[in-house]
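Taking it in order: structure first as structure tokens, then the write-up.
There are 2 protein chains.
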Amino acid sequence: MMNVQSFPGAALHSEERAREVDHPSSPVARFGVDQPLRLDCGVDLAPFQIAYQTYGRLNADRSNAILIFHALTGDQHVANIHPVTGKAGWWETMVGPGRPLDTDRYFIICSNVIGGCMGSTGPASTNPATGKLWGLDFPLITIPDMVRAQAMLIDRLGIETLFCVVGGSMGGMQALQCTAAYPDRVFSALAVACSTRHSAQNIAFHELGRQAVMADPDWRGGRYFEHGADPHRGLGVARMAAHITYLSDAALHRKFGRRMQDRDLPTFSFDADFQVESYLRYQGSSFVERFDANSYLYLTRAMDYFDIAADHKGVLAEAFRDIKTRFCVVSFTSDWLFPTAEARAIVHALNASSARVSFAEIETDKGHDAFLLDVPEFFEISRAFLHSAGLARGLSRAR
Amino acid sequence: MMNVQSFPGAALHSEERAREVDHPSSPVARFGVDQPLRLDCGVDLAPFQIAYQTYGRLNADRSNAILIFHALTGDQHVANIHPVTGKAGWWETMVGPGRPLDTDRYFIICSNVIGGCMGSTGPASTNPATGKLWGLDFPLITIPDMVRAQAMLIDRLGIETLFCVVGGSMGGMQALQCTAAYPDRVFSALAVACSTRHSAQNIAFHELGRQAVMADPDWRGGRYFEHGADPHRGLGVARMAAHITYLSDAALHRKFGRRMQDRDLPTFSFDADFQVESYLRYQGSSFVERFDANSYLYLTRAMDYFDIAADHKGVLAEAFRDIKTRFCVVSFTSDWLFPTAEARAIVHALNASSARVSFAEIETDKGHDAFLLDVPEFFEISRAFLHSAGLARGLSRAR
Numbered sequence: 035m036m037n038v039q040s041f042p043g044a045a046l047h048s049e050e051r052a053r054e055v056d057h058p059s060s061p062v063a064r065f066g067v068d069q070p071l072r073l074d075c076g077v078d079l080a081p082f083q084i085a086y087q088t089y090g091r092l093n094a095d096r097s098n099a100i101l102i103f104h105a106l107t108g109d110q111h112v113a114n115i116h117p118v119t120g121k122a123g124w125w126e127t128m129v130g131p132g133r134p135l136d137t138d139r140y141f142i143i144c145s146n147v148i149g150g151c152m153g154s155t156g157p158a159s160t161n162p163a164t165g166k167l168w169g170l171d172f173p174l175i176t177i178p179d180m181v182r183a184q185a186m187l188i189d190r191l192g193i194e195t196l197f198c199v200v201g202g203s204m205g206g207m208q209a210l211q212c213t214a215a216y217p218d219r220v221f222s223a224l225a226v227a228c229s230t231r232h233s234a235q236n237i238a239f240h241e242l243g244r245q246a247v248m249a250d251p252d253w254r255g256g257r258y259f260e261h262g263a264d265p266h267r268g269l270g271v272a273r274m275a276a277h278i279t280y281l282s283d284a285a286l287h288r289k290f291g292r293r294m295q296d297r298d299l300p301t302f303s304f305d306a307d308f309q310v311e312s313y314l315r316y317q318g319s320s321f322v323e324r325f326d327a328n329s330y331l332y333l334t335r336a337m338d339y340f341d342i343a344a345d346h347k348g349v350l351a352e353a354f355r356d357i358k359t360r361f362c363v364v365s366f367t368s369d370w371l372f373p374t375a376e377a378r379a380i381v382h383a384l385n386a387s388s389a390r391v392s393f394a395e396i397e398t399d400k401g402h403d404a405f406l407l408d409v410p411e412f413f414e415i416s417r418a419f420l421h422s423a424g425l426a427r428g429l430s431r432a433r
Numbered sequence: 035m036m037n038v039q040s041f042p043g044a045a046l047h048s049e050e051r052a053r054e055v056d057h058p059s060s061p062v063a064r065f066g067v068d069q070p071l072r073l074d075c076g077v078d079l080a081p082f083q084i085a086y087q088t089y090g091r092l093n094a095d096r097s098n099a100i101l102i103f104h105a106l107t108g109d110q111h112v113a114n115i116h117p118v119t120g121k122a123g124w125w126e127t128m129v130g131p132g133r134p135l136d137t138d139r140y141f142i143i144c145s146n147v148i149g150g151c152m153g154s155t156g157p158a159s160t161n162p163a164t165g166k167l168w169g170l171d172f173p174l175i176t177i178p179d180m181v182r183a184q185a186m187l188i189d190r191l192g193i194e195t196l197f198c199v200v201g202g203s204m205g206g207m208q209a210l211q212c213t214a215a216y217p218d219r220v221f222s223a224l225a226v227a228c229s230t231r232h233s234a235q236n237i238a239f240h241e242l243g244r245q246a247v248m249a250d251p252d253w254r255g256g257r258y259f260e261h262g263a264d265p266h267r268g269l270g271v272a273r274m275a276a277h278i279t280y281l282s283d284a285a286l287h288r289k290f291g292r293r294m295q296d297r298d299l300p301t302f303s304f305d306a307d308f309q310v311e312s313y314l315r316y317q318g319s320s321f322v323e324r325f326d327a328n329s330y331l332y333l334t335r336a337m338d339y340f341d342i343a344a345d346h347k348g349v350l351a352e353a354f355r356d357i358k359t360r361f362c363v364v365s366f367t368s369d370w371l372f373p374t375a376e377a378r379a380i381v382h383a384l385n386a387s388s389a390r391v392s393f394a395e396i397e398t399d400k401g402h403d404a405f406l407l408d409v410p411e412f413f414e415i416s417r418a419f420l421h422s423a424g425l426a427r428g429l430s431r432a433r
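The listed protein sequences correspond, in order, to chains A and B.
Count the first sequence with the working numbering and you get residues 35 to 433, in order.
Count the second sequence with the working numbering and you get residues 35 to 433, in order.
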């Protein structure tokens, strides 16, 4: 019998993860039945809660707040140790004292999106009406819904105008949506590696991931928690697929090429002979320890539905007409998930709207993941954009 | 409860498929224990069989034979109705009277690769030593093994020198391997949308597919047939992933864009709202009707291992040193699985070997699949190459 090596067994951190869902270690903003979240699907979600982290201090005139929107599998733990994985925050390279998003200068907020699984209400949360977990009874959410919920959080924090909204990938989608929906409440916006609508190929990859989850018998129609089951194999496969799209062909070649894992000769088996196989298996198995399968379905769906222009008769420029917000749009040359053509479409629309926009395409072989990695040019551009916007906002005095 | 639509149930054609595995409707060349197939993994496989189809007539001096190598999920049914699916042959656009591979002029052979599931010995075949299906007891096979088996078939058919070897994708790998291994037996070679070694990204996509199959509990360690099970969900997911890589972003956009399936407004559910989702689900579910999951593991693995230069101290040109074969290498501009850079690497190596080679990069948005589709420029190039090689071979007299 051939030796077959596959995903390890059940998730290691499922208890910590479950605790974070309803009772996160982050601060939580709770909204009662008198403050429902109006969802695009027509449902009023109430009550609901938003878990968030803040870094730095809000200044006296409340003019230095930056809202970071996280990406598909990110969360609010931008620059602190993650409570489930014990790892560093996902954007510690960007956020901290002296970093581009300088916590000595700005007040940084990041919240878990609605539909997520790290303390904001989502399919893994308890439905207060039934006392059971929501599962697929949770209503479908959209990118505008995520942004609407975070606007309510900003209200709760007493912030009228955000100095900047910042995000990459799904976070960039939210940043763009936020400026389109609340143009007078956003002074500047840094939108990275994103688009204003999901392409057919991107929808295809997401559908692949969802089918991988749903094909796992342990998914059990989305009610795995009631059966003590966990569709970790399906979710792991979904993560592997997504991870390939986050890297470029060149990055995979540079990192792994055809190098073998701990050996020189092939095993003539289905073992992870190649380093790239071993790496992907690790990505799949580590992800399932911290993420809820149903949340993955909901958030990918939200990205697929996203299309800012659709609400403006297909004319993207109309979404940003007469907007005062200062934009910086960034793309990476090797990002094939959100290629530079998508960024250019945003810039063209903003130009047509007479918006103030700068654009940078950064040369790197790191693919879509570049926005999370050590790319000094990206840091410098972000720092310079915020500095310039800060001068216009009068923030240099605020320090 | 949210309405969830996913893959249909069990495979429709599993009985027909099972019958074809050991008792195909194609002619079969059987090799006994006295004629083992020497595999790269060190095993002598015997007995074994190769199922094949032929079209046209071998001429008197046996100089007009063309061997077509099929791609990963192809088979020998190039230009006849497929016995399991009832659909037309996979290369009817290329093979037939008056077609580029003109059956009025050439004698065309195509065999199911060793490791396949359409009549050549593979993991779905019965192991004569045990009377049980091979499953993962089947030895790992490589691209050189596939070619070695087909060389034995050509011997059996009494053909010393092939007029041409032709293949796309995994078929192109075999065509290149065949010329490298048997330079004196191959007069010309048409290698399309392929490479001499699999890239890290391509290995990654294959590993994703294998993990999808192995993650299906119905795979049962590769012995699903003994349990009356069928890992059709995992194999369907693998096929969906592969299918995305066969198309280009542009082709997906042109075919589907963000168009909805039979509706104008989103359902706010996990139904196949978008046409591209519906299409992918169909690709997944129709594939499992005709293909064996273990074969999929073996054949993807063979492609991953493929690296012609590795047997020549990493110098590709050495593999083709002083070769007399006439080559035509073809790539497609939108093929991101086997991009033009791979074709150029082949051409450079052949040039360095002083081989006779022509090269065409064809402008199309159809992606890797272009070699199977209606691309007139590809047909014309193939026709012209074969015509020119035929003149050199003295085939114009043979008609």
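Note that beta-carbon positions come from the ideal geometry of N, C-alpha and C, so glycine has one too.
By the Cβ test, the segment 381-394 of chain A is not in contact with the segment 281-301 of chain A, since fewer than three Cβ pairs between them sit closer than 8 angstroms.
Taking 7 angstroms as the threshold, the shortest C-beta distance from I237 (chain A) to chain B falls below it. Under the 7 angstroms criterion on CB atoms, D403 (chain B) is classed as non-interfacial with respect to chain A.
Within 9 angstroms of the CB of D341 (chain B), the CB atoms of chain A belong to R292, in sequence order along the chain. In its chain, beyond the 5 residues on either side, G169, L170, N328 have a beta carbon closer than 6 angstroms to the beta carbon of G256 (chain B). In its chain, beyond the 5 residues on either side, Q309 have a beta carbon closer than 6 angstroms to the beta carbon of R293 (chain B). Listed along chain A are A234, Q235, I237, A238, E241, each with a C-beta nearer than 9 angstroms to that of V310 (chain B).
Shown here, V67 (chain A) sits in coil according to DSSP, grouped into three states, outside any helix or strand.
Annotated three-state conformation of M337 (chain A) is helix, per DSSP.
Annotation for D250 (chain B): P265, R267, G268 place their beta carbon closer than 6 angstroms to its own, counting only its chain and skipping 5 residues before and after.
One finds Y339 in chain A with Cβ atoms closer than 7 angstroms to the Cβ of P300 (chain B), taken in chain order.
The beta carbon of R64 (chain A) sits closer than 7 angstroms to the beta carbons of P81, Q83 from its chain, once the five residues preceding and following it are set aside; these are given in chain order. Residues of chain B whose Cβ lies closer than 8 angstroms to the Cβ of H287 (chain A) are, in chain order, S233, A234, Q235.
Residues of the segment 253-278 of chain B whose Cβ lies closer than 8 angstroms to any Cβ of chain A, in chain order: G255, G256, R267, G268, G270, V271, M274, A275, I278. For A394 (chain B), there is no enclosing alpha helix (DSSP H); the enclosing beta strand (DSSP E) has its first and last residue at 390-396. In the three-state reduction of the DSSP assignment, D403 (chain A) falls in the helix class. The criterion of a C-beta distance shorter than 7 angstroms is satisfied by I237 (chain B) and D338 (chain B). A Cβ-Cβ separation of about 13 angstroms leaves S145 (chain A) out of contact with Y89 (chain A) under the 8 angstroms criterion.
Annotation for V381 (chain A): the continuous alpha helix (DSSP H) segment containing it runs 374-386. Contact of Q317 (chain A) with chain B is not assigned, every C-beta pair being separated by 7 angstroms or more.
Cβ atoms of I342 (chain A) and T230 (chain A) come within 8 angstroms of each other, at about 4 angstroms. From the beta-carbon of D283 (chain A), the residues of chain B found nearer than 7 angstroms are S233, Q235.
The alpha carbon of F412 (chain A) has as its nearest neighbour, out of A:A375, A:T367, A:L371, the alpha carbon of A:T367. In the three-state DSSP reduction, I357 (chain B) falls in the coil class, being neither helix nor strand. The Cβ atoms of L331 (chain A) and R244 (chain A) sit closer than 7 angstroms to each other. Exclusion of the five residues before and after V55 (chain B) leaves C151, A158, S159 as the residues of its chain whose Cβ lies within less than 6 angstroms of its Cβ. Fewer than three beta-carbon pairs drawn from the segment 344-351 of chain A and the segment 299-316 of chain A are found closer than 8 angstroms, and the two stretches are therefore not classed as touching. The DSSP-derived three-state label of Y216 (chain B) is coil. Chain B has no Cβ within less than 7 angstroms of the Cβ of Q69 (chain A).
A residue is called buried when at least 16 other Cβ atoms come within 10 angstroms of its Cβ; H111 (chain A) meets this threshold and is buried. Across the structure, N114 (chain B) and A234 (chain A) are spaced so that their CA atoms are roughly 33 angstroms apart. Distance from the CA atom of S60 (chain A) to the CA atom of P117 (chain A), rounded to whole angstroms, is 9 angstroms.
Using beta-carbon distances, L333 (chain A) does not count as an interface residue toward chain B, since no partner is under 7 angstroms.
Under the DSSP assignment, Y316 (chain A) falls in the alpha helix (DSSP H) whose first and last residues are 309-321. The alpha carbon of V349 (chain A) has as its nearest neighbour, out of A:V364, A:R360, A:H382, the alpha carbon of A:H382. Annotated three-state conformation of G201 (chain A) is strand, per DSSP.
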